[in-house]
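In our numbering, the protein residues as written are 4 to 144. No residue lacks a Cβ here, since even glycine has one placed at the ideal position from N, Cα and C. Written below as structure tokens is the structure these notes are about.
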Amino acid sequence: VKRELVGGFELDDDRARVDVAAVHRYLAEESYWARGRACSDLEALVQEAARVVGLYDGDRQIGFCRAARCAPGLFYLADVYVLEAYRGRGLGTALVREMVEAGPLAGRSWLLHTADAHDLYRRLGFGVPGERVMELRAAPR
Ligand SMILES: CC(C)(COP(=O)(O)OP(=O)(O)OC[C@H]1O[C@@H](n2cnc3c(N)ncnc32)[C@H](O)[C@@H]1OP(=O)(O)O)[C@@H](O)C(=O)NCCC(=O)NCCS
């Protein structure tokens, strides 16, 4: 599925189009959650994903997110980013909206972690789960 956005940007869930080197560069060097991740790990995660959505400015990969399948009705949203120069004009919202409201995973349940983007996800219906969700955190390495 390709979706044209205002400004000529494009969303595309074709995993063959993902510029793994570009996504890896952002995640391994700039993100706060996947610093140092091996490119081979990202490559595998892209291949194994239930769905990926890339954000493109022409040929340039400027954003990305992926969904991991936990159960038939439950997915985990991960590796959401928009390059800094492109932030603040609705592209991050459009990217996540495409994943959770359109395409084959629309209307499923979702989990995610975030340090500071709660407002963005809240607008799309995410909430703090409360007592029903638990987590086992790995010890810092
Ligand atoms: C979070 C992110 C994807 C948002 O992308 P974006 O294109 O700027 O998003 P939008 O323009 O659609 O919306 C931005 C809105 O999200 C909110 N927001 C919450 N946390 C934010 C953050 N860390 N950075 C930017 N916006 C944030 C802002 O309040 C803003 O609201 P506004 O439109 O009322 O000003 C982008 O800032 C990013 O890649 N950040 C670094 C990586 C990251 O934190 N990813 C999320 C991991 S869970």
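Would you call the segment 110 to 124 in contact with the segment 59 to 79, where contact means no fewer than 3 C-beta pairs closer than 8 Å? The segment 110 to 124 is in contact with the segment 59 to 79.
Beta-carbon separation of A53 and P107 under 9 Å? Residue mapping note: residue 53 aligns to position 50 of the sequence shown, counting from 1. Residue mapping note: residue 107 aligns to position 104 of the sequence shown, counting from 1. Going by C-beta atoms, A53 is nearer than 9 Å to P107.
Check whether the Cβ of W113 sits closer than 8 Å to any heavy atom of ligand 1, and report yes or no. The residue given as residue 113 occupies position 110 in the sequence shown. No, the beta carbon of W113 sits no closer than 8 Å to any heavy atom of ligand 1.
Ligand 1 heavy atom lying under 8 Å from the CB of A31: By one-based count along the sequence shown, residue 31 stands at place 28. The answer is no for A31.
Ligand 1 and A105: does the residue's C-beta get closer than 8 Å to at least one heavy atom of that ligand? Within the sequence shown, the letter at position 102 stands for residue 105. Checking the Cβ of A105 against ligand 1 gives no.
Tell me, to the nearest whole angstrom, how far the beta carbon of D15 is from that of Y79; I am working on the premise that it is less than 8 Å. By one-based count along the sequence shown, residue 15 stands at place 12. By one-based count along the sequence shown, residue 79 stands at place 76. D15 to Y79, Cβ: 21 Å. No contact.
Enclosing beta strand (DSSP E) for D15 [first to last residue]: Position 12 of the sequence shown, counted from the first residue, corresponds to residue 15. Per DSSP, D15 is one residue of the beta strand (DSSP E) stretching across 13 to 15.
Can you give me the C-alpha to C-alpha distance between R18 and V49, rounded to a whole angstrom? Residue numbering aside, residue 18 sits at position 15 when the sequence shown is read from its first letter. Residue numbering aside, residue 49 sits at position 46 when the sequence shown is read from its first letter. Looking at the two C-alpha atoms, the distance is approximately 7 Å.
Between D60 and ligand 1, is there a pair consisting of the residue's CB and a ligand heavy atom that are separated by less than 8 Å? Taking the sequence shown and counting its residues from 1, one reaches residue 60 at position 57. The answer is no for D60.
Quick check: L123 and V99, are their CB atoms within less than 9 Å of each other? To locate residue 123, count along the sequence shown from 1; it is residue 120. To locate residue 99, count along the sequence shown from 1; it is residue 96. Yes, the Cβ-Cβ distance between L123 and V99 is below 9 Å.
What residue range is occupied by the uninterrupted alpha helix (DSSP H) comprising E51? As a first step, residue 51 must be located in the sequence shown, where it is residue number 48. Element bounds for E51: 42 to 51.
Examine ligand 1 and report whether any of its heavy atoms sits within less than 8 Å of the Cβ of E34. One-based indexing of the sequence shown puts residue 34 at position 31. It should be pointed out that residue 34 corresponds to Ser in this sequence rather than to Glu. Checking every heavy atom of ligand 1 against the Cβ of S34, one is found closer than 8 Å.
What residues does ligand 1 have around it, judged by CB closer than 5 Å to any heavy atom, in chain order? V83, Y84, V85, R90, G91, G93, L94, G95, T96, T117, D119, A120, D122, L123
Hey, quick one: how far does the beta strand (DSSP E) through L77 stretch, first residue to last? Mapped onto the sequence shown, residue 77 falls at position 74. Where L77 is concerned, the enclosing beta strand (DSSP E) stretches over 77 to 85.
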